[in-house]
Amino acid sequence: MTDTITLTRPDDWHLHLRDEAALASVLPHTARQFARAIVMPNLRPPVTTAAQAVAYRERILAALPEGSDFQPLMTMYLTDNTPVDEIKRAKAAGVVALKLYPAGATTNSDAGVTDLRKTYATLEAMQREGLLFLVHGEVTDADVDLFDREAVFVDRVMGPLRAAMPELKIVMEHLTTKEGVQYVAGGDRFTAATITPQHLLYNRNALFTGGLRPHYYCLPVLKREEHRQALLQAAASGSAKFFLGTDSAPHASVMKENSVCGAGCFTALSALELYAEAFEAIGALDKLDAFAGHHGPDFYGLPRNAGTVTLKREPWTLPEAVPFGDAQLKPLRGGDTLNWKLIA
Ligand code: NCD
Ligand code: ZN
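The opening position of the sequence shown corresponds to residue 873 in my numbering, with each subsequent residue numbered one higher.
This is the structure in structure tokens:
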């Protein structure tokens, strides 16, 4: 039995860091696990300009623990009105991608896109400048069942988008379905996807086991077991189209354990350990290194990190809660014993 795993120093290709005191609370956890992260722009108000992205990067760097070399990779939030000119400024400012939130799809998505065709001139500019397009791939039509929203998005939106922007690099974020896996696996070299730890470890039963479980609620929502199996196969296939993106999305416990529960699982404390558990369960630990440390930078056109991190088979108990500004934040699996431990 393998008792240590050495990985190329990994990155998180989908992360929510929030702002101000919340940012200061969660950032050290990610900076301990990852060298870089793609930072999502769904603040209130959202990060829609290059200048806002630069200012947000400064706040993140200022909140880093002493001595950390963690590097935030900045994104902007695409709206119906993102000017074409803004893309040149974004490129010059070091922004690497824009994020599509279909209006109303998830946390802080009210300013999201109402009709993708309105953004085509801007997407063309991104294609020209080499900025990536990160897609929250769910339709929001009220008549589409919540569990079908990704499959319907793949079916209705991806074909026309790809036809209009043949060389735009697209990442389907937090993939959750077999339809999504099939689309990405069968797609061209400009298409890839991130996969979260929770979608590899759990199916939708986890939301309802012994009662309603708010900390397992994220968007896109957990799906049936057949979808989880498809995601595991994709992650462990060795295909360079699939890579690590935690979608760690902190919400204060009072917001999660509420009559209306915010969507998001907080996994920053133990992301690598959770991925290791998922890969080990299907005998694919040897595939974790490339998934966590190679495929992401290769797709983004960035260098792989130098150095390694080590996971050890050593049981430890994940804290029930950690500070989150003035509030409390409960990690997914808080209070549970995990079998793998990231060694400092
Ligand atoms: C994210 C958040 O809380 O910002 N929530 C989530 O459930 N994943 C938003 C998102 O990525 O959809
Ligand atoms: Zn997210």
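Beta carbons are placed, not taken as given, at the ideal position from N, Cα and C, and that holds for glycine.
Residue environment, residue i, which counts as buried when at least 16 other CB atoms sit within 10 Å
i	result
residue 1131	exposed
residue 1028	exposed
residue 1056	buried
residue 1061	exposed
residue 947	buried
residue 920	buried
residue 1270	In the structure as shown, the chain starts at 873 and stops at 1216, and residue 1270 therefore has no counterpart that could be examined.
residue 934	exposed
residue 1080	exposed
residue 957	exposed
residue 1179	exposed
residue 884	buried
residue 1118	buried
Rounded straight-line distance, which links the Cα of residue j to that of residue i
i	j	result
residue 1009	residue 1214	32 Å
residue 899	residue 874	30 Å
residue 983	residue 999	22 Å
residue 879	residue 1182	6 Å
residue 1023	residue 895	33 Å
residue 989	residue 960	20 Å
residue 1040	residue 1164	23 Å
residue 1084	residue 1202	15 Å
residue 1012	residue 952	16 Å
residue 914	residue 1037	24 Å
residue 1114	residue 1065	5 Å
residue 1016	residue 986	16 Å
residue 1068	residue 886	9 Å
residue 928	residue 1045	21 Å
Beta-carbon proximity list for residue i, same chain, < 6 Å, skipping 5 on both sides
i	result
residue 1121	888 and 1136
residue 963	1001
residue 954	994
residue 1167	1112 and 1115
Cut-off 7 Å between Cβ atoms - residues of its own chain near residue i, not counting five sequence neighbours on either side
i	result
residue 936	899, 903 and 942
residue 1111	1057
residue 1004	968, 969, 1041, 1043 and 1172
residue 965	922, 925 and 926
Spatial neighbours of residue i in its chain, beta-carbon cut-off 8 Å, leaving aside the 5 residues before and after
i	result
residue 1076	1019, 1093, 1094, 1095 and 1096
Beta-carbon proximity of residue i to residue j, cut-off 8 Å
i	j	result
residue 1124	residue 1070	no
residue 981	residue 973	yes
residue 1144	residue 1100	no
residue 1074	residue 1088	yes
residue 1207	residue 1190	yes
residue 979	residue 950	no
Span of the alpha helix (DSSP H), counted from its first residue to its last, around residue i
i	result
residue 892	892–905
residue 1051	1050–1057
residue 1126	1125–1128
residue 956	956–964
residue 1189	Taken as a continuous stretch (DSSP letters only), residue 1189 belongs to no alpha helix (DSSP H), being part of the beta strand (DSSP E) at 1180–1189.
residue 991	Where residue 991 is concerned, there is no enclosing alpha helix (DSSP H), given that its DSSP letter is neither H nor E.
is_contact[residue i, chain B] using C-beta, thresh 8 Å
i	result
residue 969	As a matter of chain content, chain B is missing from the structure shown, which is built from one protein chain.
Residue i: first and last residue of the uninterrupted beta strand (DSSP E) it sits in
i	result
residue 1196	1194–1196
residue 909	908–911
residue 1006	1004–1007
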